[in-house]
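Residue numbers for the sequence shown, in my numbering: 82 to 891. Every residue, glycine too, gets a C-beta built ideally from N, C-alpha and C. All of these numbers come straight from a predicted model, not from anything done at the bench.
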Amino acid sequence: MINYRLPPTLNRNIDQFENDLTDFLSGNLHETAFRAKRVKMGIYQERGRQTYMCRIRCGGNVVTPKQLMKIGDLAKRYGSSGVHVTTRAEIQIHRVKLEDAILIIRELATVGLSMKGGGGHTIRNICTNHDSGTNPNELFDVQPYAIALTSRLISEVDSFELPRKFKTSFSSLAEDAADCAVQDLGFIAAVNEKGEKGFKVYVGGGLGFRPKLAILLHDFIPENKVYHVAKSIKNVFHTYGNRRNSHHSRLRFLIHDDLGEERFRELYGEELDKIYDDDSLELEVNPIDNNQNLYRQIELEPFREEIEGYETWRDHSVTIQKQEGLFSVKLPLNLGDLGSEDCFRLAKILSPFGQNALRCGRDQNFHIRNIPEKFLKNVYNGLKQLQTLIDSPVIYGKIVPCMGAQTCQLGINYPRPATTAIFEQFERTDLDFDILQDISIHISGCPNACANHWIADLGFFGKVRRVEGRPIPTYNVLGGAKVKTGESQLGERVGWVHARDLPQFIAQVMKQYQDYRATTNGYTDFYLYWHNGGKEFVGSLCQSRFNQIPTFETDENYYFDHGATEVFSTKNIVGEAECSAGLYDMINVDDKAIKKNLKIIESWEEGGGDLEATLKETVFLASRMLLITRGEEPRTEGETYGLFLQHFIDVGLVNKDHQFIIEMVQNGTSEKLKDYRDKIIALGHETTILYKSMDNTMRFPGEKENLTINMEAKIDRAKSEAVYFSTASKEKESEKTADIFKDLRGVKCPINFAQTKVQLAAMKSRETLEILLDDGEPIKNVPGSVKLDGHLVLKQERVGEHWTVLIEKT
Numbered sequence: 082m083i084n085y086r087l088p089p090t091l092n093r094n095i096d097q098f099e100n101d102l103t104d105f106l107s108g109n110l111h112e113t114a115f116r117a118k119r120v121k122m123g124i125y126q127e128r129g130r131q132t133y134m135c136r137i138r139c140g141g142n143v144v145t146p147k148q149l150m151k152i153g154d155l156a157k158r159y160g161s162s163g164v165h166v167t168t169r170a171e172i173q174i175h176r177v178k179l180e181d182a183i184l185i186i187r188e189l190a191t192v193g194l195s196m197k198g199g200g201g202h203t204i205r206n207i208c209t210n211h212d213s214g215t216n217p218n219e220l221f222d223v224q225p226y227a228i229a230l231t232s233r234l235i236s237e238v239d240s241f242e243l244p245r246k247f248k249t250s251f252s253s254l255a256e257d258a259a260d261c262a263v264q265d266l267g268f269i270a271a272v273n274e275k276g277e278k279g280f281k282v283y284v285g286g287g288l289g290f291r292p293k294l295a296i297l298l299h300d301f302i303p304e305n306k307v308y309h310v311a312k313s314i315k316n317v318f319h320t321y322g323n324r325r326n327s328h329h330s331r332l333r334f335l336i337h338d339d340l341g342e343e344r345f346r347e348l349y350g351e352e353l354d355k356i357y358d359d360d361s362l363e364l365e366v367n368p369i370d371n372n373q374n375l376y377r378q379i380e381l382e383p384f385r386e387e388i389e390g391y392e393t394w395r396d397h398s399v400t401i402q403k404q405e406g407l408f409s410v411k412l413p414l415n416l417g418d419l420g421s422e423d424c425f426r427l428a429k430i431l432s433p434f435g436q437n438a439l440r441c442g443r444d445q446n447f448h449i450r451n452i453p454e455k456f457l458k459n460v461y462n463g464l465k466q467l468q469t470l471i472d473s474p475v476i477y478g479k480i481v482p483c484m485g486a487q488t489c490q491l492g493i494n495y496p497r498p499a500t501t502a503i504f505e506q507f508e509r510t511d512l513d514f515d516i517l518q519d520i521s522i523h524i525s526g527c528p529n530a531c532a533n534h535w536i537a538d539l540g541f542f543g544k545v546r547r548v549e550g551r552p553i554p555t556y557n558v559l560g561g562a563k564v565k566t567g568e569s570q571l572g573e574r575v576g577w578v579h580a581r582d583l584p585q586f587i588a589q590v591m592k593q594y595q596d597y598r599a600t601t602n603g604y605t606d607f608y609l610y611w612h613n614g615g616k617e618f619v620g621s622l623c624q625s626r627f628n629q630i631p632t633f634e635t636d637e638n639y640y641f642d643h644g645a646t647e648v649f650s651t652k653n654i655v656g657e658a659e660c661s662a663g664l665y666d667m668i669n670v671d672d673k674a675i676k677k678n679l680k681i682i683e684s685w686e687e688g689g690g691d692l693e694a695t696l697k698e699t700v701f702l703a704s705r706m707l708l709i710t711r712g713e714e715p716r717t718e719g720e721t722y723g724l725f726l727q728h729f730i731d732v733g734l735v736n737k738d739h740q741f742i743i744e745m746v747q748n749g750t751s752e753k754l755k756d757y758r759d760k761i762i763a764l765g766h767e768t769t770i771l772y773k774s775m776d777n778t779m780r781f782p783g784e785k786e787n788l789t790i791n792m793e794a795k796i797d798r799a800k801s802e803a804v805y806f807s808t809a810s811k812e813k814e815s816e817k818t819a820d821i822f823k824d825l826r827g828v829k830c831p832i833n834f835a836q837t838k839v840q841l842a843a844m845k846s847r848e849t850l851e852i853l854l855d856d857g858e859p860i861k862n863v864p865g866s867v868k869l870d871g872h873l874v875l876k877q878e879r880v881g882e883h884w885t886v887l888i889e890k891t
């Protein structure tokens with residue numbers, strides 16, 4: 082199996098998202114609440130707010146020719162007629178209408194692909210070095226572990242309820258070929274003195290705002306403990322991560338700033354100790370056979386004629402695999418893009434070689450594998466028909482731009498048109514591109530590091546500067562990064578250049594590097610160049626040649642970015658990342674609305690507007706605002722009031738004096754609210770003050786632990802989730818009498834599950850609940866939903882025309 086397993090809840094998740102989409106389009110769901118749900122499903126709004134980007138999970142970098150055919154078809158029908166490969170080894174479809182996104186999600190599922198977790202506070206795509214399984218220097222293939230971990234983590238509810246995004250990678254080489262040093266969690270292949278396979282584990286790295294290198298967590302862990310480690314780290318992050326400040330919510334800030342490394346290790350160790358000896362949690366790792374094309378019959382006649390450019394292409398793009406007789410091919414994409422028709426052509430080229438023939442690269446290129454030598458000319462002849470960089474100098478395929486301001490709402494500059502301008506500049510030079518094959522150049526349109534500029538040989542990120550009050554597009558310049566196990570270094574910032582001058586600047590740096598290499602007879606690389614005078618040269622070049630910007634009246638070209646038709650402006654920079662959208666954003670929306678209403682209520686005079694409606698809305702907002710901190714998302718007004726009473730008034734977080742106001746509105750007697758204006762003002766103030774007192778982990782004063790983050794329950798949930806993947810496992814059964822009984826016959830989905838969930842929330846751990854359910858949809862849906870919430874279904878049996886279900890709360 083070379084693809085991850087779709088979670089059993091995916092169809093239900095898709096149905097729910099379709100309901101949310103319908104509610105949003107009909108005006109029944111707030112934009113902020115919908116955005117959190119939308120982004121979690123991998124759908125991002127693009128600049129201009131008319132179209133959307135869909136991000137597809139490609140676990141372990143894998144995409145099959147069949148899947149590529151489907152993605153290309155979806156892009157042609159619903160998007161921009163092309164696909165984009167990302168620096169996280171995923172595939173994106175751009176320019177999608179919102180109402181078409183649900184169609185894309187459903188069709189992707191038919192070929193084993195999902196978009197869920199493509200954005201938001203979730204487990205993001207788990208990637209590897211693209212050549213894992215074929216690299217002659219690797220210790221062992223890590224792609225099966227990445228795929229198995231993907232299957233497990235995306236089946237867990239809390240993987241989509243994290244404080245912030247969580248990135249993981251695996252390296253099959255001991256020297257870190259997958260940028261594990263800058264991931265939230267990195268596994269680097271290792272073999273101990275006994276010859277046993279395992280991993281070095283790094284944690285707490287990341288790029289973007291205040292980048293950090295990861296710390297070494299384990300020098301060696303056995304291969305069968307990968308999930309134990311990942312789950313334990315996720316538990317700590319889920320419990321202690323900062324959920325209030327999206328700029329300080331990544332795992333690296335929890336480790337380096339909030340907890341400190343020592344305290345983090347303690348908490349992590351406690352979590353790991355709880356599950357370390359539980360063998361049922363081991364991943365189901367299925368090896369990938371990269372030898373098949375050595376012995377299977379390939380229905381293709383080898384191309385034997387001479388082809389112009391073939392030998393150069395073979396030198397530049399073809400590498401020997403560890404499987405003797407098989408070869409890998411790099412397919413460099415122009416700006417990471419491939420048109421839909423070319424997706425069809427590529428899938429057809431690769432189809433004779435089976436479904437295990439293609440990987441996405443974190444360099445925004447495709448990488449073909451498992452090609453027998455006698456068919457290399459066939460592949461080249463086919464690839465020449467595609468619109469790619471196949472016949473361009475190697476360095477063209479190593480320039481990595483992010484999408485930038487063309488589509489991204491946070492983008493400042495236009496890195497993609499700038500990259501095209503760099504190609505054009507290169508064509509006007511006499512550079513020896515064979516010497517420059519080893520250099521990586523990464524260009525981000527803003528500081529958020531989507532192009533990984535901090536770990537490039539030469540990196541750039543967009544920055545607004547001003548000349549006589551006018552904004553201009555510029556790039557900060559970095560260099561000298563190194564990613565190698567135990568020796569990693571982030572790039573150093575040495576200056577800035579104007580966006581217009583970027584192509585000329587890069588060409589001059591390349592020329593100086595080329596001259597330096599000539600003095601060392603080629604025995605160097607950019608890192609050594611940088612630390613032996615290159616850094617000083619680049620910094621000096623910025624200051625002496627590229628920091629003198631003419632006024633607008635002297636040369637207005639400097640006030641346009643590459644590819645722009647309008648004068649550069651900051652007015653379209655949104656300033657809020659879609660990827661940081663979460664349901665907790667709705668708390669701020671409600672908080673502002675309550676405060677606005679309180680001002681209206683406090684200053685209201687007779688004849689000054691509909692006071693009753695404002696009072697009722699305030700009670701509703703005060704009841705709804707903090708429910709998300711309890712893990713609740715009520716879908717009806719009545720459910721909102723009931724949950725507020727249960728989670729806040731009954732437990733003493735909100736004064737019990739407000740109960741009669743809540744019950745009054747709940748019972749439909751809101752016409753009497755005018756008589757209790759002062760009480761409602763007090764309720765509004767109390768809930769906003771309670772929110773202000775909430776800490777970064779969503780706990781309130783006096784609470785030892787947030788009710789949505791019960792770690793013991795999560796450990797039990799991990800066990801039950803592991804059991805789900807074991808075909809030999811059986812559900813527990815028990816004959817014990819239930820502690821609580823609830824008759825839900827006649828109650829339709831999803832209300833029956835909501836009432837079950839509310840009842841379980843009020844119970845103690847290990848107490849049992851017996852519910853009666855109707856046949857059909859209720860018995861099909863409710864027990865499964867209960868299991869996914871981490872509880873145990875002890876018994877489920879039919880009694881006449883209904884079903885009885887016995888549940889033990891974890």
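According to DSSP, what are the bridge partners of residue i?
{"i": "Thr145", "result": "Note: Thr145 sits in no beta bridge, so no partner."}
{"i": "Glu573", "result": "Gly560"}
{"i": "Phe542", "result": "Ser525, Asn557"}
{"i": "Met134", "result": "Tyr125"}
{"i": "Val410", "result": "Val399, Ile449"}
{"i": "Gln727", "result": "Answer is none; Gln727 lacks a bridge partner."}
{"i": "Gly163", "result": "Gly420"}
What does a CB cutoff of less than 8 Å around residue i pick up in its chain, not counting 5 residues either side in sequence?
{"i": "Asp96", "result": "none"}
{"i": "Val481", "result": "Thr168, Gly417, Asp444, Gln445, Ser521, Ile522, His523, Ile524, Ala532, Asn533, Ala537"}
Quick check: the Cα distance between residue i and residue j, rounded to an integer number of angstroms?
{"i": "Lys760", "j": "Ile682", "result": "11 Å"}
{"i": "Asp538", "j": "Gln126", "result": "31 Å"}
{"i": "Lys147", "j": "Leu184", "result": "18 Å"}
{"i": "Arg93", "j": "Lys861", "result": "12 Å"}
{"i": "Gly492", "j": "Phe607", "result": "28 Å"}
{"i": "Leu332", "j": "Phe318", "result": "6 Å"}
{"i": "Asp912", "j": "Ala258", "result": "Residue 912 lies beyond the residue range present for the chain, which begins at 82 and ends at 891; the question has no answer from this structure."}
{"i": "Leu91", "j": "Ala499", "result": "40 Å"}
{"i": "His766", "j": "Lys676", "result": "8 Å"}
{"i": "Ala262", "j": "Gly198", "result": "22 Å"}
{"i": "Pro433", "j": "Asp212", "result": "20 Å"}
{"i": "Ala486", "j": "Gly214", "result": "37 Å"}
{"i": "Ala674", "j": "Val732", "result": "25 Å"}
{"i": "Thr469", "j": "Ser330", "result": "39 Å"}
{"i": "Ile302", "j": "Thr203", "result": "25 Å"}
{"i": "Gly576", "j": "His299", "result": "37 Å"}
{"i": "Val120", "j": "Ser421", "result": "24 Å"}
{"i": "Asp181", "j": "Glu454", "result": "43 Å"}
Counting only the same chain and skipping the five closest in sequence on each side, list residues whose C-beta sits under 7 Å from that of residue i.
{"i": "Phe221", "result": "Ser253, Ala270, Lys278"}
{"i": "Ile630", "result": "Val548, Ile553, His579, Tyr639"}
{"i": "His328", "result": "Phe290"}
{"i": "Glu814", "result": "With a pLDDT of only 36 at Glu814, under the threshold of 50, the placement of this residue in the model should not be trusted, and no figure is reported."}
Using C-beta distances below 6 Å, list every residue in its chain close to residue i, excluding the 5 sequence neighbours before and after it, in chain order.
{"i": "Asp820", "result": "Glu848, Thr849"}
{"i": "Pro292", "result": "Trp535, Leu571"}
{"i": "Thr808", "result": "Low confidence applies here, because Thr808 scores a pLDDT of 36, under 50, leaving its location unreliable; read the following figure in that light. Hits under 6 Å: none found."}
{"i": "Gly526", "result": "Cys483, Gly485, Ala486, Gly492, Ile493, Asn494, Pro496, Gly543"}
Measuring only from the beta carbon, is residue i closer than 7 Å to any heavy atom that is part of the ligand ATP?
{"i": "Asn326", "result": "Ligands in the displayed structure: none, and consequently the ligand ATP is not present."}
For residue i and residue j, which I take to be in contact (beta-carbon distance under 8 Å), what is that distance rounded to the nearest angstrom?
{"i": "Leu887", "j": "Glu851", "result": "5 Å"}
{"i": "Val166", "j": "Phe447", "result": "7 Å"}
{"i": "Gly285", "j": "Ile336", "result": "4 Å"}
{"i": "Ile730", "j": "Val700", "result": "About 12 Å separates the two Cβ atoms, so there is no contact after all."}
Specify whether the region 563–571 and the region 544–551 touch according to this definition: at least 3 beta carbon pairs, one from each stretch, less than 8 Å apart.
no
Would you be able to state if there are at least three C-beta pairs under 8 Å between the region 612–629 and the region 579–598?
yes
Are the region 473–486 and the region 235–250 touching, with three or more C-beta to C-beta distances below 8 Å?
no
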